[in-house]
Every structure is written in C-alpha cells, then in structure tokens.
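For the first sequence, counting from 1, position 12 maps to 12 in UniProt numbering; every step adds exactly one.
Even for Gly, the Cβ is constructed at its ideal location relative to N, Cα and C.
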Amino acid sequence: MSSSDSEDQIPLSARLGYNQVATTRSVSSSDDDEDNVPLAMRTKISPAKRKNESDSESDTPLSSKVKPKANGNAAKKQKPQPKAKAANGKSKASAKPRVPKDSTVKVKKEPNTKKEPKVKKEPTPKSEPTVVKKIVDRKPLIKAESTASAGSQNGSEGSDDDYKWWLEQKDDDGPKWTTLEHNGVLFPPDYVPHGIPLVYKGAEITMPPPVEEVATFFAAVLGTDHAVNKVFQQNFFNDFVEIAEQHMDKHPFKEFKHCDFSRIRSHLDEQSAKRKAMTKEEKETQKKERQEIEEKYMYCTLDGRREKVGNFRIEPPSLFRGRGAHPKTGKLKRRVMPEQVTINIGPDAKIPDPPPGHRWGKVTHDNTVTWLATWKENINNSIKYVFLAAGSSLKGQSDLRKFEKARSLVTCIDGIRKQYTKDLKSKVMAERQRATALYLIDRFALRAGNEKGDDEADTVGCCSLRCEHIKLESPNIVHFDFLGKDSIRYQRTTEVDKQVWKNLRMFMRGLAKSDSDMLFDRLTTASLNKHLQTLMPGLTAKVFRTFNASFVFQQQLQNTPKGGTEAEKLLAYNRANRDVAVLCNHQRSVPKSFQNQMSRIEDKLFGVRYQRKLLKDYLLEVAPDLKKKHPEVLVKDIGIGAKEIKEYLLSVCELDREKVTKKFARDNEKLKEAKEPELPQSTLDEQLKAIDDREKSIKDGTYEPELPVAKNATTDKILEKIEKLTQRINSIEVDKIDKDENKATALSTSKVNYIDPRISIAWCKKYNVPLEKIFNKTLREKFTWAMGVDSEWTF
DNA sequence: ACCTTGACTTAGCATGGTGTCG
DNA sequence: CGACACCATGCTAAGTCAAGGT
C-alpha cells in the first residue's frame, strides 16, 4: 500500500498548513515489508527469547548490537511498581555514533566545570551562619557595558530601569550576576490564636495555639472539594493528631469524622466579612502598611541595577493542596524557620538581618544561580526558591533564549521530521519507539513525561504513557485519554501517520503487555533528550511545544481580516491564541456563572435586534418608498417572530419586577439609615402594577412598544439609528462567539509561556491594533525585550 | 549507569481590586 | 452608586532536564 501523504496528516497540521509528512516518502521501501517486520518479530521469537530481545528482530544484524541490560519484560509491570523502571532494558541501539556534534552540545556544561564542586563549609566563625562562596569570574561581556556601579550600596539608581539588556549579546552560560544585593525574605506573621474550640463528639475542645492553627487550616478548606476528599481528610488528621500529641497532655482525637470545625469556620467567615466591610480608608491604610513592610523586599540590586523580586514571601504553613489524586494531599505543610533558609547574595553585599532571635541556615555567594533564597519544603522534600520577577532581566534573557531556541527549530524541523519518519520503521525497537514518541510530541505537543513516584499523583506525559492511555481504531485513528500535568485530562481522537499507528499497535501488543504496562518500554526522557541533542544543540522535548505553539500561532494569525474592525481583528487574534491553547491542552474550569452570562448575552442580543426590527417596521410603514433606496431595510431578521418577541417581552417583565423590587428595598434601607421616613409600600405596588399591565397587554397582543427614537425623528435619523444598532448587534455577536469558544480554554498559559511575544507585537504593528488590547501590564513588562520588532518580523 | 537533586519553567486556581452597567 | 462580572495578580504545585552523587 502506498501511503498517501495526505492520509498521514493529522487534522490539525492539515489545517495549519505546515506539512510534516512530506517526509514519509523518504522511506521508499514498501510499507508492507516494514509493516511485516514487527509482526514477524512477534510471531517468530519465542517468548523466552523475547524476554531479552524483544526490542529487535533477533536475526537482523542490527539486533546483535542490542543488548538490553536487564530483563525487559520484568520492567513492564509499570505502574504497580514505579521503581521497576530501574529494570528497563536500555538498548543502546547505537545506530550511528555521532561524535562530532557532541562537542557543540557540551558547551552548555562548561560553566559547571568551572563551578568548584560545592564547597561544603568554609571555616567560619562558630556562631555565624555557614558561608559558602562560589563566585565565578564574569566573562567579559561583548559590550563591556557593566556600567553597573558594581558596589552601589543602596541601588537607588532608578534611571537604570531602562537598561536594554537585549541589545547586547549575553553569554548563555556565564555567571548570572556579578554583584547582588537584597534584603532577604519576608516571613509570614506568627499565628494569632482565636480560642474557638473544635467540637469533637459534641464536646468543645479548646486547643493550644499550635494545634488550633492546624484545625483552623482545615476549617478554612471547608466548602471546597478538599474538605470531602477522604485522602485529604486522613492526611490532615494524621498530622493534626501528631501536633496534638506534641502540644496537649491528652486529647480525645481519634477519628476525623467526629471533628466539627463549624465553629471555627464561622469565626473565619466573620473575619472575612469584617475585612470586606472595612471602609475604603481603612483598606487604604492597611494596604499602605503592608506595602511599607514589603517595600524593602520588593527589589534587589543586580549588577548595580534595581530589579524586581518575584516571590520574596516565605510560603506560609497550610494544608498541602495537591492536585488530582495526590497521595499526600492534606498533609501539614510546616512553618518555615529562618534556620532552614539559605540566603544567596553578593560577597560584598550586606547580609540581610534574620528575624530577631533567629539566624539564617546558610549564606552563599553563588553567582551561577539566579535565586536569592531557598528552603526545603517538608511535604515532598522539594526545594523552593525566591527568584526575580518575570519582568527582570535575568528572566527576560532566558525567555529570549528559549524562544530563539525554538525559533532555530524552524530551520531544521524538516530534517528532524524526515529523520524520525524514517526511524518509524527502524529495526531497532528503541529507535522505533523513540521516533514514534517524537512524532506524538511534535504533532500533539505532548510533554516529555518523566517517570513519577508512588507518592505523587498518577499523571503521565509522552514517554510515560501506558497502554491503557490509548485506544486504536482502524485504519489509523488513535484515542488518547490520560491525565497530564496538574491532572488535567488529555482527551483527543485523531488520525495519525499510518506507520505510527502500526507502531503503536505493535508496542501495545508486545509480549503479554497489559493495560498498566508502559507503551514505550524502551524509552526514557533522558534517552530521548540525548538523541535530540544530536539533532540540534540544546534541543529537548519541551522545545517542540514552544516551537509548535509559536508556529501555529503565527500561521493562524494570517486569518486576520485586513480591513476588519478592531473587534474582528481581536477575534482573529484570540482564535489563533485559542488554537494554540487547544493544541497544548490548556484548560480551565468552566466558570460557574457561564451559563448565566451566556443567556444574558443572548437576551441582550435579542433586545437590540428587536429594537432594530421595530425601527425597520416603522420605516417601512411611514416611508415605503425607502424600500428602493435602502433595500437593507427589507432584510428580515431571522429568529424574531411574534412568538420569540412575546417570550422576550415577558422575560423582560420578569426582570423588571425583580429590579423594581430590589431597588425599592435598597432605597428604603438607605432612608432607614438616614432616619428618614421610608417609602410607602404603595410606591412599589404602583410600579409593579404598571409591569403587570404591560404583561397583560403583551399577552393579549395589545402591547405597543416604544420606538427607540424620538417621535419626530427624520428618516435619515432613523436609518442612522438602525446602522448603529446593526453595529451593536455585530459586536455583541462577536463577543458571544468568542465567549462560548473560550469557556473551557485557558488562553493565558500559552500567551505567557509559549507564544513568542514578538509575533504578537509584530501583529499589532501590522494591523494597527494597540498592544494593550492583547497584553496587559504584566505581560508588557515581561516582554519589554520584544517590543522593538517591526511589523514584518517572523518567527 | 543509574538515581537523586537542584534549578528553573509551566500550570491552574483563589482572590481581591477594578471597571462596567443599569 | 452599588452589584456584579472580570481580570490581573499572587500563589504554589507540578512539570522539565541535566549535573552531581553513588
């Protein structure tokens, strides 16, 4: 069978017009032959033999090189025993030793060779925090622009804010800074006890503050899904009891189900109500106070320039809200003490004072990293950092680097696709799996998919897909259904390249594989990325996401109407954005009020169309001769029949009744406060009566609508009004479409992380759309480096 | 050669301020 | 002018990936 290119296309790429599988033809040997190979493998090899050789045809020359380390079969029991991956036979199918390229690749490692191996502890004065130094000499910048008054103590030079780092060539992997000054981190306030008891089996238990604090954490979560999640409850309760044991001589807490947090909850509700009820001034002062405290942490001085710090606040204690089915969800995240915090700062800078009575855990001077402070969190033992803000030069530089890397894929993507398309038929199983995975990553923007542990939520990416996550349907349909990052469901049915389909079928059928087995049992993210490095320096799996997102976006923007209104252009922009979001599977929960909002828009729309219809009818009546001059007046509106109008008018009555009643209550409330006589009930009754009358007249068809123009309006005036209404209708319709298409899709993630901002900026210039319409202040700050591109810039 | 750790990007959700609309 | 939707922003969890450690 000759595979036709078009057949191999997946819908998206077809729609987008960049064509990958033109490359399919490069494999000219008949598909059938290739197709048979895997089958032959399956039928020819005895199970016993396959155990070790399952990854390749045993009698091909290539296969002799393939020496799986461990029993590949044993490695298969995937999820049940995550550690089993250790046994994954790594067939180092050395198809082609690619030595030369490697040297380029290595470049990245250079700085680290420079890094002296983590100096443990320098001899430091006993009572002082350990100070670790690791200063890497700054490589001379291309433009020795270090205007940075390297020693500036107060870093108050605001004028440096417009330092344009993107105009100079920065070294990718040199030191990250030369001088660094900052004021450390801000700790959350101490717990303030409220003394409200927890009710346990009906008994009020007043707890010592540390115990009360934990109980209060749970009270705060009441009303959310967490509160009814059994794992969350149990994890919380275990830690709660532990704390209780530490702080109470005896306590009655035996089972979660006997705990009643409602009293504490009411207290919390009261507090937040109080906060809400504060006057503007009070809020204002409070805000000012807060800012005063935060001010010193907000900025640091990096190479003499003032830069914004991101998350200078130490994370407060709380119950861990793991996403999805996280085994540790609900566990107590403990308060972080200064003694656990490491401060990273310039060697000559003043070390910030730790909170009174405390010391820093450690102070380092490591200029190979960008963080200002770090600590270890107790839930997953992971490391938390204080970094600079997104708009800082350090972040900007790496952002630019990221997009430039993705951009360099543009020129070599054809070759890479050709290569992996060819490898889809490789005789070496590991290569075939790698090529197949790469195809999925490239076409469907899947994540790499690292292995995960038992103590994490069961989510997967490409390399960690299990057989249960895909279903095949002849001739070349694949159904994906799995939980990805953040336990977001990835569900998609799509056509794939025929060879990919065959490969998937083969991988799934592999020796006695079951649903819970790894689909790509010969593949790891590490091996995949290592391979990618040989194709292009710096290439990793995630680059494909960036590349495809930006590329698709640029393609789709070509649908912008040249002569359209701004709203139409923005719609085109948002649609392109949405295509990317869909590609990357960026979801959000449908807003609770969505249905409401939608029907309100529909009502609004109908109202305006109805008004227009009234005017049209009126015109036709008073000036029938206009028919000829203005045929548009004749155009009948669809969906505005007598029945619909009646429904609409009646619903308006309903709404009006509500409105009037509410307003009445509100007015009286005010009068009451002002100690003035309240309005009599009759006022409301009169209004309601008017509405009742209207309703009746609508029902019996005697209702006479008011025209939305003055009685004596000229025809021209009326035509003008009609035109205005038409515009309004169009704009509402545009809004409506946009809204509906957006309800479950998060556009921001791709905008912030995946789409090269230069595409958007060039688009704004080309179509004369103000940048504020698409980038909010945060985004504009984050992407200052991209502002200079002209309207013709392309990704 | 593996596993772990460290550093950094990517992710959705909660929330609180703000703009808009009647 | 208040209610309400909306949006920006903060927050921190959850990924990626390569160096380091064993």
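Under the three-state reduction of DSSP, which class applies to residue i: helix, strand or coil?
i: residue 753; result: helix
i: residue 730; result: helix
i: residue 190; result: coil
i: residue 375; result: strand
i: residue 226; result: helix
i: residue 783; result: coil
i: residue 679; result: coil
i: residue 318; result: strand
i: residue 176; result: coil
i: residue 539; result: coil
i: residue 635; result: coil
i: residue 199; result: strand
i: residue 348; result: coil
i: residue 333; result: strand
i: residue 62; result: Its pLDDT being 28, under 50, residue 62 is placed unreliably in this model, and the coordinates cannot settle the point.
i: residue 758; result: helix
i: residue 342; result: strand
i: residue 793; result: coil
i: residue 299; result: strand
i: residue 168; result: coil
i: residue 709; result: coil
i: residue 163; result: coil
i: residue 360; result: coil
i: residue 524; result: coil
i: residue 273; result: helix
i: residue 736; result: helix
i: residue 500; result: helix
i: residue 593; result: coil
i: residue 703; result: coil
i: residue 582; result: helix
i: residue 154; result: At residue 154 the pLDDT is 40, less than 50, meaning the model places this residue with poor confidence and gives no usable figure here.
i: residue 214; result: helix
i: residue 558; result: coil
Name the DSSP bridge partner or partners of residue i?
i: residue 466; result: 518
i: residue 482; result: 490
i: residue 687; result: BP columns for residue 687 are empty, so no partner.
i: residue 365; result: 133
i: residue 841; result: What the structure shows of the chain is the stretch from 1 to 795, and residue 841 is not part of that stretch, so it cannot be assessed.
i: residue 260; result: 199
i: residue 309; result: 388
i: residue 181; result: 301
i: residue 477; result: 473 and 495
i: residue 204; result: 199
i: residue 383; result: 376
Is residue i close to the ligand GDP? I mean its beta-carbon at under 7 Å from any heavy atom of the ligand.
i: residue 400; result: With respect to the ligand GDP, the structure offers nothing, as it holds no ligand at all.
With a cut-off of 8 Å on the beta carbons, I'd call residue i and residue j a contact; round off their distance for me.
i: residue 432; j: residue 440; result: So it is not a contact: roughly 13 Å between Cβ atoms.
i: residue 261; j: residue 215; result: 6 Å
i: residue 236; j: residue 319; result: 6 Å
i: residue 469; j: residue 481; result: 6 Å
i: residue 363; j: residue 131; result: 5 Å
i: residue 684; j: residue 661; result: 7 Å
i: residue 420; j: residue 430; result: Not confirmed; about 13 Å, so no contact.
### Contiguous beta strand (DSSP E) assignments of at least 3 residues, all confined to the segment 392-475
470-473
### Message
Tell me whether the segment 162-176 and the segment 393-403 touch, counting them as touching only if at least three CB pairs, one residue from each stretch, are closer than 8 Å.
### Response
yes
### Task
Assess, as a yes-or-no matter, whether the segment 688-707 is touched by the segment 651-662 under the definition of 3 or more beta carbon pairs within less than 8 Å.
yes
### Query
Is it true that the segment 516-529 meets the segment 369-383, where meeting means three or more beta-carbon pairs spaced less than 8 Å apart?
no
#### Entry: Segment contact, 8 Å Cβ cut-off, at least three pairs: the segment 437-456 with the segment 525-537
yes
### Query
Using 8 Å as the threshold, is the segment 328-348 in touch with the segment 215-235, meaning 3 or more CB pairs across them?
yes
### Task
Identify every run of the alpha helix (DSSP H) within the segment 607-662, keeping only runs that are complete inside it and at least 4 residues long; order them along the chain.
626-629
#### Entry: Sufficient close CB pairs (3 or more, under 8 Å) joining the segment 583-597 to the segment 741-748
Yes: the two stretches touch, three or more of their Cβ pairs being nearer than 8 Å.
### Task
Say whether the segment 543-556 touches the segment 401-414, bearing in mind that this needs 3 or more beta-carbon pairs closer than 8 Å, one atom from each stretch.
The segment 543-556 is in contact with the segment 401-414.
### Message
Does the contact criterion of 3 or more C-beta pairs under 8 Å hold for the segment 488-507 versus the segment 550-559?
### Response
no
### Message
Tell me whether the segment 595-605 and the segment 728-744 touch, counting them as touching only if at least three CB pairs, one residue from each stretch, are closer than 8 Å.
### Response
yes
### Message
Using a Cβ distance threshold of 8 Å, determine whether the segment 243-250 contacts the segment 180-196, with at least three qualifying pairs required.
### Response
no
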